[in-house]
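Okay, so here's the structure we're looking at.
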Amino acid sequence: MNKYTLVFLFFIACLPLYAAGNAYSLRSPNGKLEITLTAGEQLAYTLTRDGQVLVKEGTIGLLLEDRTLGKDARMSKRKTRTVNEEITSPNYRVPSFAVSYNEMDITFRGNYGIRIRAYDEGVAYRFYTTFKQPFIVKDEIADFQFAEDHLSYRAYSTAAQGKDPYAMAFQNLYTKAKLTEADPERVAFLPVTIDYANGTKLTITESDLESYPGMFIRGDGKSASLKGEFAAYPSRMDRYPWRHMTYVGERADYIAKVEGSRDFPWRVLAVSEKDTDMPLNNLVYALAAPNRIGDYSWVKGGKVAWDWWNNWGIYGVDFKAGINMETYKYYIDFASENHIPYVILDEGWYDPKGGNMLTVIPDLNLPELITYANNKKVDIILWTVFNVLDEQLEEACRKYAALGVKGFKVDFLDRDDQTAVEMAYRIAEGAAKHKLTLNFHGFYKPTGLNRTYPNIINFESVFGMEEVKWSTVAKDMMEYDVIMPYIRMMAGPLDYTPGAMRNATKADFKDIYNNPMSQGTRCHQLATYIVHDSPITMLADNPTIYRKEQECTDFITSIPNTGIDETRILGGTLGKYIITARRVGDDWYIGGMTNWDKREVEVDLSFLTGSSYEATLFKDGVNADRQASDYKKELFTATSKDKLKVALAPGGGFALALRKKN
5 MNKYTLVFLF
15 FIACLPLYAA
25 GNAYSLRSPN
35 GKLEITLTAG
45 EQLAYTLTRD
55 GQVLVKEGTI
65 GLLLEDRTLG
75 KDARMSKRKT
85 RTVNEEITSP
95 NYRVPSFAVS
105 YNEMDITFRG
115 NYGIRIRAYD
125 EGVAYRFYTT
135 FKQPFIVKDE
145 IADFQFAEDH
155 LSYRAYSTAA
165 QGKDPYAMAF
175 QNLYTKAKLT
185 EADPERVAFL
195 PVTIDYANGT
205 KLTITESDLE
215 SYPGMFIRGD
225 GKSASLKGEF
235 AAYPSRMDRY
245 PWRHMTYVGE
255 RADYIAKVEG
265 SRDFPWRVLA
275 VSEKDTDMPL
285 NNLVYALAAP
295 NRIGDYSWVK
305 GGKVAWDWWN
315 NWGIYGVDFK
325 AGINMETYKY
335 YIDFASENHI
345 PYVILDEGWY
355 DPKGGNMLTV
365 IPDLNLPELI
375 TYANNKKVDI
385 ILWTVFNVLD
395 EQLEEACRKY
405 AALGVKGFKV
415 DFLDRDDQTA
425 VEMAYRIAEG
435 AAKHKLTLNF
445 HGFYKPTGLN
455 RTYPNIINFE
465 SVFGMEEVKW
475 STVAKDMMEY
485 DVIMPYIRMM
495 AGPLDYTPGA
505 MRNATKADFK
515 DIYNNPMSQG
525 TRCHQLATYI
535 VHDSPITMLA
545 DNPTIYRKEQ
555 ECTDFITSIP
565 NTGIDETRIL
575 GGTLGKYIIT
585 ARRVGDDWYI
595 GGMTNWDKRE
605 VEVDLSFLTG
615 SSYEATLFKD
625 GVNADRQASD
635 YKKELFTATS
645 KDKLKVALAP
655 GGGFALALRK
665 KN
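Below is the structure:
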């Protein structure tokens with residue numbers, strides 16, 4: 005249960021809020037952040053931190069068919085409150101966390117209003133309406149004017165030139181450039197980060213996105229400004245024969261059809277004084293609607309033996325590997341031997357040309373396979389396509405839950421217009437009724453949906469390990485790996501699908517579809533299992549290879565990815581390196597990774613509370629700069645007095661387990 009302490013303040017002097025004419029200001033609890041809303045010809049705000057201008061002017065509004073909410077706004081009522089709240093956060097980076105904020109709620113004439121919150125970690129605003137009838141939203145105004153030409157980090161849409169820019173997988177590298185250097189022909193998907201000269205970072209994203217399109221960002225390539233954009237409402241859907249995936253054939257001239265009385269998504273501006281604060285920012289989760297499914301004790305995370313990345317490429321067996329009973333029993337045996345709780349049956353277990361997930365291919369006997377797995381304490385997750393599941397939702401959930409399937413990996417949504425977002429909510433609700441866990445792939449950035457539906461345990465929306473199957477080394481994944489935890493992970497957990505046992509230096513890397521390799525070292529791969537917020541995590545490589553690399557396999561499977569009691573960032577710089585520590589009970593797990601630059605890092609263990617710990621360290625081998633799979637394992641006793649120096653090879657990393665001695 006969430007615990008609320010609400011203090012309603014009826015005298016402006018009692019709250020860090022003041023009004024001057026049509027300007028209304030609100031400060032964060034620590035007084036450092038201040039957002040000032042001006043209501044005049046248009047609604048606009050400024051945002052400062054300790055006097056530094058972060059947003060010079062943010063123009064906001066909702067364009068309806070007959071008027072613009074925010075134009076010539078006239079206040080009719082204003083309420084304020086201070087809230088101290090404890091939020092329970094299952095399968096998150098911490099089991100619960102405290103938040104404090106000041107809130108200002110302004111109602112305008114015309115049955116609409118705006119709610120603004122100021123946290124120490126950032127600010128957020130959302131519109132709301134109290135109309136009696138449904139209405140059309142033609143567009144939303146969300147403009148950001150900056151005082152200077154700051155650096156920005158943005159991941160552009162990968163849609164082809166001339167194609168729908170809002171329809172893609174939400175997976176790309178980050179482009180680091182000045183605001184004025186934006187490509188005006190391309191939109192970026194959220195989160196987007198602004199880097200100020202003094203090290204402060206502002207990250208733009210959103211939360212509680214429901215029955216409404218997600219926001220994109222565009223720059224004009226000339227000014228120090230950004231503009232929010234939204235995918236228009238789909239007026240016609242078409243279907244690809246392969247996979248039976250639907251896609252937008254035509255869009256309307258508006259972005260949403262909504263109920264008259266509703267809240268709109270939170271527009272989030274997360275502010276970080278230090279880079280190491282960024283991966284721990286909880287605003288997206290905190291602003292999302294609370295749990296709607298009730299009891300979630302049945303939702304279980306853990307590791308997964310995965311077939312697709314390694315292309316079912318097991319060898320040294322006396323049967324033909326593929327999508328068949330023998331191959332999946334091999335995966336199940338491997339999972340059971342290594343205490344891996346799940347095996348995924350990825351694409352191919354039902355006929356993708358038929359698009360009917362209620363019919364299994366003849367080469368598989370699913371009830372027999374599930375019984376075989378359960379007898380070995382392994383559970384099954386099934387892959388499917390979003391619209392295929394949506395079209396058969398109740399029947400598919402009922403059938404497969406009854407068979408003992410524990411969840412679905414749902415793929416290829418590839419958009420976040422209003423109807424796509426509504427589909428995600430339908431699937432979350434339908435799966436929860438049958439106690440089915442969900443892993444959303446081909447999905448938009450997280451917006452707190454995992455708080456509202458705790459059965460959604462992970463999201464893709466990340467330039468993960470699948471990309472090495474078709475991307476050259478020019479796609480710098482080592483730099484991405486030390487940008488993404490700071491920016492993308494702020495929005496929520498991610499399914500990067502790590503675990504490559506074939507590892508390559510920058511000079512040696514090749515994109516090979518059937519036998520893929522990672523960029524960077526073996527220990528960089530091990531570190532991902534600690535650095536990433538990822539409640540359900542793949543072992544992407546081939547079980548045959550994992551058995552040959554049992555020492556690394558044992559270490560990977562020993563790292564908990566749920567039940568995290570505490571998360572700290574011990575060191576790091578955006579785009580260069582990161583060191584993350586996670587506590588489970590009395591034990592600590594520390595992972596670090598670097599870009600293509602070699603470096604030596606110091607790990608200060610002064611935060612340890614126990615007298616001594618059994619330490620297991622995997623670090624880059626002395627020749628890892630030439631043979632990326634080279635690593636060294638060390639066993640020793642560690643105490644809080646230790647400061648470990650670890651050398652990281654180019655694209656390298658380390659992983660350290662500290663288990664408290666009795």
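Everything in the sequence shown is counted per the working numbering, starting at 5 for the first residue and increasing by one.
Cβ coordinates follow ideal geometry from the N, Cα and C atoms, glycine included.
- Looking at the DSSP output, residue 658 shares a beta bridge with 596, 623.
- By the Cβ-count criterion, residue 626 is exposed, with fewer than 16 other Cβ atoms from all chains shown falling within 10 Å of its own Cβ.
- By alpha-carbon distance to residue 546, the top candidate from 582, 398, 310 is 310.
- For residue 371, the enclosing alpha helix (DSSP H) begins and ends at 370-379.
- In the same chain as residue 353, and ignoring 5 residues on each side of it, the C-beta atoms closer than 8 Å to its own belong to 327, 364, 365, 368, 370, 386, 387, in chain order.
- Judged by DSSP secondary structure, residue 430 falls within the alpha helix (DSSP H) whose first and last residues are 422-437.
- Taking the Cα positions, residue 136 is about 19 Å away from residue 81.
- With distances taken between CA atoms, residue 432 lies nearest to 453 out of 517, 630, 453.
- Judged by DSSP in its simplified three-state form, residue 399 adopts helix.
- In the three-state DSSP reduction, residue 611 falls in the coil class, being neither helix nor strand.
- Residue 120 and residue 90 have their C-alpha atoms roughly 19 Å apart.
- By the Cβ-count criterion, residue 649 is exposed, with fewer than 16 other Cβ atoms from all chains shown falling within 10 Å of its own Cβ.
- Contact between residue 171 and residue 252 holds, with the beta-carbon distance rounding to 6 Å and staying under 8 Å.
- Restricting attention to 288, 314, 320, the CA atom closest to the CA of residue 93 is found in 288.
- Residue 403 and residue 143 have their C-alpha atoms spaced approximately 41 Å apart.
- Counting along the chain, no alpha helix (DSSP H) covers residue 443; the unbroken beta strand (DSSP E) around it starts and ends at 441-444.
- One alpha carbon belongs to residue 108, the other to residue 28, and they sit about 9 Å apart.
- According to the DSSP assignment, residue 211 belongs to the beta strand (DSSP E) that extends over 205-211.
- In the DSSP assignment, residue 56 falls within the unbroken beta strand (DSSP E) covering 56-68.
- For residue 188, no alpha helix (DSSP H) segment is defined, and its DSSP state is neither H nor E.
- Nearest neighbour of residue 587 by Cα position, chosen from 511, 595, 496, turns out to be 595.
- Proximity to residue 434 across 417, 421, 412 peaks at 412, based on C-alpha coordinates.
- Of all alpha-carbon atoms in 421, 579, 570, 531, the one lying nearest the alpha-carbon of residue 240 is that of 421.
- The continuous alpha helix (DSSP H) containing residue 561 extends over residues 554-562.
- Spatial neighbours of residue 507 in its own chain (CB-CB distance under 7 Å, excluding positions within 5 residues in sequence) are listed in chain order as 521, 522, 524, 525, 526, 529, 632, 633.
- The C-alpha of residue 457 is placed about 16 Å away from the C-alpha of residue 498.
- In the pairwise beta carbon analysis, the stretch 124-131 is classified as not touching the stretch 305-323: fewer than three pairs are separated by under 8 Å.
- Within a 10 Å sphere around the beta-carbon of residue 190 sit 16 or more other beta-carbons, which makes this residue buried.
- By the beta-carbon neighbour count (other beta carbons within 10 angstroms, threshold 16), residue 209 is buried.
- From the listed residues 84, 117, 58, 100, the smallest Cα separation to residue 47 is found for 117.
- Each of 635, 582, 598, 622 was checked against the Cα of residue 278, and the nearest Cα belongs to 582.
- Straight-line measurement puts the Cα of residue 304 at about 28 Å from the Cα of residue 618.
- Excluding sequence positions up to five before and after residue 213, its CB lies within less than 7 Å of the CB of 269, 425, 451, all in the same chain and listed in chain order.
- For residue 238, DSSP records a beta bridge to 255.
- Look at residue 127 here: in three-state DSSP terms it is strand.
- Contact annotation: residue 101 and residue 286 have beta-carbon atoms nearer than 8 Å.
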